[in-house]
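**Q** Input: one structure, supplied below.
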Amino acid sequence: MCEYEVMEMVNDHSGMFEKDVLMRLSDRGNLGAYQHNGFWMCVDTLRDKKRLEELYAEKCPWPHVNRQS
2 MCEYEVMEMV NDHSGMFEKD VLMRLSDRGN LGAYQHNGFW MCVDTLRDKK RLEELYAEKC
62 PWPHVNRQS
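Each residue of the sequence shown is one higher than the one before, counting from 2 in the numbering used here.
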């Protein structure tokens with residue numbers, strides 16, 4: 002999750018996000034992290050999205066979510 006400012010840095014910079022933008026944020030003391038111990042799944046492709054929807058329909062792996070029909 003990024004602040005809007007970070008997205009402006011990405012648009013203004015042609016380098017790699019991890020190497021350039023995150024390093025600049027770290028140098029400024031503006032980079033933080035949060036350890037998440039719950040369910041997480043990368044959804045980069047349509048295939049990933051479909052798999053996540055299947056998981057949700059079968060058995061929601063994040064039970065704290067209110068599943069309304």
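Even glycine gets a Cβ: it sits at the ideal position worked out from N, Cα and C.
(1) Using beta carbons (cut-off 8 Å, strictly below), is V22 in contact with chain C?
(2) Please state if the CB of V44 and the CB of L53 are separated by a distance shorter than 8 Å.
(3) To which residues of the same chain is R48 closer than 6 Å at the C-beta, ignoring the five residues directly before and after it?
(4) Determine the closest residue to E4 out of V22, G16, D28, with distance taken between C-alpha atoms.
**A** On the basis of the coordinates in this document:
(1) Among the chains of the structure shown, chain C does not appear; only one protein chain is present.
(2) The beta carbons of L53 and V44 sit closer together than 8 Å.
(3) No residues qualify anywhere along the chain.
(4) V22
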